[in-house]
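K.L.:
Line order of the protein sequences matches chains A and B. The opening position of the first sequence corresponds to residue 1 in my numbering, with each subsequent residue numbered one higher. The opening position of the second sequence corresponds to residue 1001 in my numbering, with each subsequent residue numbered one higher.
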Amino acid sequence: MAAVQSKIQRLWDRIAVALVLALLVIMMIPLYWIGSTAFKPRADATTVPPTVFFKPEITAFIKLFTARVERRGAPNKEDYAKAPWWEKLVMDGGERFIRDDKGNIVSSGYVGRFTNSLIIAVTSTFLAVAMGTVTAYGFSRFKMPGESDWLFFILSTRMLPPVVVAIPMYLMYRTVALVDTHIGLIILYTAFNLSFSVWVMKGFIDEIPKEYEEAALVDGYTRMEAFLKIVLPQAATGIAATAVFCFITAWNEYAFALIMTLRKAQTAPPYIPSQLGSGLTDWTTIAAGAVLFLLPVMIFTFLLRNHLLRGVTFGAVRK
Amino acid sequence: MSDLAIRNWFIIPTIVFLIVFNIFPLLYSLGFSFTDYRAASNKPANFIGLQNYQELLTDDGIWNNFTITAKYVIISVAGQVVVGFGMALLLNRPIPGKGLLTTVLMLPMMMSAAVVGLFWELLYNPSWGIVNYLLGLEGMEWLSNPDVALYAIAITDIWMWSPFVMLLCLAGLSAIPSSLYEAAAIDRASGWFVFRRITLPLVAPLLLIAIIFRTMEAFKTFDIAFIMASLEETELVSIRLYKSAFQEWQTGRSCALAYIVLLAVLAITTIYIKYLNRLKER
Chain A
1 MAAVQSKIQR
11 LWDRIAVALV
21 LALLVIMMIP
31 LYWIGSTAFK
41 PRADATTVPP
51 TVFFKPEITA
61 FIKLFTARVE
71 RRGAPNKEDY
81 AKAPWWEKLV
91 MDGGERFIRD
101 DKGNIVSSGY
111 VGRFTNSLII
121 AVTSTFLAVA
131 MGTVTAYGFS
141 RFKMPGESDW
151 LFFILSTRML
161 PPVVVAIPMY
171 LMYRTVALVD
181 THIGLIILYT
191 AFNLSFSVWV
201 MKGFIDEIPK
211 EYEEAALVDG
221 YTRMEAFLKI
231 VLPQAATGIA
241 ATAVFCFITA
251 WNEYAFALIM
261 TLRKAQTAPP
271 YIPSQLGSGL
281 TDWTTIAAGA
291 VLFLLPVMIF
301 TFLLRNHLLR
311 GVTFGAVRK
Chain B
1001 MSDLAIRNWF
1011 IIPTIVFLIV
1021 FNIFPLLYSL
1031 GFSFTDYRAA
1041 SNKPANFIGL
1051 QNYQELLTDD
1061 GIWNNFTITA
1071 KYVIISVAGQ
1081 VVVGFGMALL
1091 LNRPIPGKGL
1101 LTTVLMLPMM
1111 MSAAVVGLFW
1121 ELLYNPSWGI
1131 VNYLLGLEGM
1141 EWLSNPDVAL
1151 YAIAITDIWM
1161 WSPFVMLLCL
1171 AGLSAIPSSL
1181 YEAAAIDRAS
1191 GWFVFRRITL
1201 PLVAPLLLIA
1211 IIFRTMEAFK
1221 TFDIAFIMAS
1231 LEETELVSIR
1241 LYKSAFQEWQ
1251 TGRSCALAYI
1261 VLLAVLAITT
1271 IYIKYLNRLK
1281 ER
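1. Give the straight-line distance between the Cα atoms of A/Ala324 and A/Val198, rounded to the nearest whole angstrom.
2. List the DSSP bridge partners of A/Phe97.
3. When the distance is taken between beta carbons, is B/Ser1076 closer than 8 angstroms to B/Ile1158?
4. Span of the alpha helix (DSSP H) holding B/Gly1191?
5. Please report the Cβ distance between B/Ala1045 and B/Phe1032, rounded to the nearest whole angstrom; I am assuming they are in contact, meaning their Cβ atoms lie under 8 angstroms.
6. Just to check my reading of the structure: A/Thr59 and A/Gly93 have Cβ atoms closer than 8 angstroms, yes? What is that Cβ distance to the nearest angstrom?
7. Whose C-beta lies closer than 7 angstroms to the C-beta of B/Ala1088 among residues of the same chain, with five residues either side of it excluded?
8. For the segment 1255 to 1273 of chain B, which residues have a beta carbon sitting closer than 7 angstroms to at least one beta carbon of chain A?
9. For the segment 208 to 215 of chain A and the segment 145 to 161 of chain A, state whether three or more C-beta atom pairs, one from each stretch, are separated by less than 8 angstroms.
10. Short check: CB of A/Thr285 to CB of A/Lys40, under 8 angstroms?
11. Helix, strand or coil: which one does DSSP assign to A/Met1?
12. Would you kindly work out how many angstroms separate the C-alpha atoms of A/Asp44 and A/Ser108, rounded to a whole number?
13. Pull out every residue of the segment 1049 to 1063 of chain B whose Cβ sits closer than 7 angstroms to any Cβ of chain A, in chain order.
14. On a Cα-Cα basis, can you pick out the residue from B/Asp1187, B/Asp1223, B/Ala1218 and B/Ala1189 that is closest to B/Trp1161?
15. Is there a Cβ of chain B sitting closer than 8 angstroms to that of A/Met298, yes or no?
16. Kindly say whether A/Leu64, judged by its beta-carbon, lies nearer than 8 angstroms to any beta-carbon of chain B.
17. Could you check if A/Pro209 is buried or exposed, using at least 16 other CB atoms within 10 Å of its CB as the buried criterion?
18. For the alpha helix (DSSP H) containing A/Ile105, list its first residue and its last residue.
19. Chain A partners of B/Gly1099, CB-CB under 8 angstroms?
20. Counting Cβ pairs closer than 8 angstroms, one from the segment 127 to 137 of chain A and one from the segment 1253 to 1269 of chain B, do we hit at least three?
21. Mind reading off the beta-carbon distance from A/Val48 to B/Trp1128? Whole number of angstroms is fine, and I expect it under 8 angstroms.
22. Quick check on B/Phe1034: does DSSP put it in helix, strand or coil?
23. Quick one: what's got a C-beta closer than 6 angstroms to A/Ala191's C-beta in the same chain, skipping five residues either side?
24. By how many angstroms is the C-alpha of A/Leu194 removed from the C-alpha of A/Val244?
25. Would a check of beta-carbon distances place A/Pro75 closer than 8 angstroms to chain B?
26. Using a Cβ-Cβ cutoff of less than 7 angstroms, which residues in the same chain neighbour B/Ile1227 once the five nearest sequence positions on both sides are dropped?
27. For B/Phe1047, which beta-bridge partners are listed by DSSP?
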């Protein structure tokens, strides 16, 4: 009897594995499509029917970083012979680089947007995690009147719809000239991530036994020293996981960036879609930009894999 | 420093920061919601009382935006629960490389909604999109067809967020002691009975968290729908709010609309946080 049961069980398991694999393939098609489009020759990106097999090339990535214009007529033979291989790729596509007065190639809008994303995400993550960690320690170790109400208040700020907050913030930023500045977005993202960071860090710090600090206090450490030398090292993993989550949120944010920035401090999420519809849309270059933009998030997701559950539930569910 | 001083230095700056950058702006916009202020003009704001609220609540267009949003929330959350829970049931067994598999499945929800939306536009393209190609449909319009555009956006959202539901359900499923299933097997309980009486009740708390959280997020959806389509039939409340505030510059009126949205979100949030707290105490 038991043998029959386990046979059926094994059959079910096989069917389930097959279904999982099928599902995985379906779920991965959009990702494959983004990735493959970035390496397609431009002519293969929008064919009917869609091209699945093609000779990969990296022209799109060269175009991504450089400003180009369409060239009239055939390229100058001499120039073409002198040009490095990557410039030839662009010339073959019927375009030429835009150069400044000194003959240097002008970089595209993407480079600046990517740098802005990096500056804003890193700075706001650092601030949110630093403030969040100390606040979480305060809530975890000391009694505070109305503690759960304050924690509730902190979490509720995270739930505000971005557009609702953006309307008054835009008016306020306009009066203090913070529209389209890095600081403006850094403040918004810090505020947005701070509540998350407090909640998740509180979960991590609650797990560190109080006895360690108490032993240190007996040994003559001050409370501050105990926090810095005992608690912080113990919480290192938690801090890293929280930081990665905050970074991803700030990196991906769209609504605030769309409303608060125009050019100077614009980040990549509003910029990448705005390339669409500018003349003949070059999907390969857009895809190359998207791939580079998604890459850090993918790497971080793998690093975070054991903390994902905690992160998406604000530290409420642990495993 | 005394413990008390440390506590205050650790906690108060954060609270002040959040009040200054979240609560103060809301009070500021509450003030504007009673005026006819337009940020694009130089005219000062005139106090008009509750007129904005009155107009909004009797405006069929706004009710339509709320109806569209409700429809979107129901389709996308229901889809995520079915797909996510289904995936969790399938994955809840020993599978070689399960850890890696789960992580790969998590990728969509970690990505930027703006970029995801942009790419689904390419996938949905009527002539060269891969969706039509794989489904064998020729020239089917998705994002410019008023009848299906909202569903198309919801499908993208389901693709992105089903893994979230899966992650929570998987945590619930793996916590069910196998002795319960063994006991059910001895009693020769049917598969359906086991599912209804053991699996579902024990996963329910985490599934409910996933549902409330996704409902809240779907209600606030802006980026993905804003990027993918610009039809009247896909104008969610957040998009309406964005347009009236930053394209039509009806600042006073949009502040009032923002408050109506805010009350709705606060109601869902309160349920969510109460529930999270209860789960935490167990």
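Cβ coordinates follow ideal geometry from the N, Cα and C atoms, glycine included. Computed from a predicted structure; not experimentally measured.
P.N.:
Judging by the given coordinates:
1. No information on residue 324 of chain A is available, as it lies outside the stretch 1 to 319 that chain A covers here.
2. A/Arg68.
3. Yes, the Cβ-Cβ distance between B/Ile1158 and B/Ser1076 is below 8 angstroms.
4. Under the DSSP assignment, B/Gly1191 falls in the alpha helix (DSSP H) whose first and last residues are Gly1191 to Val1194.
5. Right, their Cβ atoms sit about 7 angstroms apart.
6. So it is a contact: roughly 7 angstroms between Cβ atoms.
7. Cβ within range, chain order: Met1166, Cys1169, Leu1170 and Leu1173.
8. The segment 1255 to 1273 of chain B vs chain A, Cβ under 7 angstroms: Cys1255, Ala1258, Val1261, Leu1262, Val1265, Thr1269 and Ile1273.
9. Touching, no.
10. Between A/Thr285 and A/Lys40, the CB-CB gap reaches or exceeds 8 angstroms.
11. In this prediction, A/Met1 has a pLDDT of 48, which is less than 50 and means its spatial position is unreliable; what the coordinates show is noted afterwards. Secondary structure at A/Met1: coil, using DSSP grouped into helix, strand and coil.
12. Cα to Cα, the separation comes out at about 23 angstroms.
13. Flagged: no residues at all.
14. Closest option to B/Trp1161, Cα to Cα, is B/Ala1218.
15. Residue-level contact check: A/Met298 touches chain B, since one or more beta carbons of chain B fall below 8 angstroms from its beta carbon.
16. Not one beta carbon of chain B lies nearer than 8 angstroms to the beta carbon of A/Leu64.
17. Exposed.
18. First-last for A/Ile105: undefined, no H or E at that position.
19. Those within 8 angstroms of B/Gly1099 in chain A are Arg305.
20. The answer is no - the segment 1253 to 1269 of chain B does not touch the segment 127 to 137 of chain A, with fewer than three Cβ pairs under 8 angstroms.
21. With 8 angstroms as the limit, A/Val48 and B/Trp1128 qualify as a contact, their Cβ atoms being about 5 angstroms apart.
22. Collapsing the DSSP output to three states places B/Phe1034 in coil.
23. Nothing listed; no residue qualifies.
24. Roughly 13 angstroms between the two C-alpha positions.
25. No, A/Pro75 lies away from the interface with chain B (no Cβ there is under 8 angstroms from its Cβ).
26. Hits under 7 angstroms: Ala1114, Gly1117 and Leu1118.
27. Per DSSP, the beta bridge partners of B/Phe1047 are B/Thr1035.
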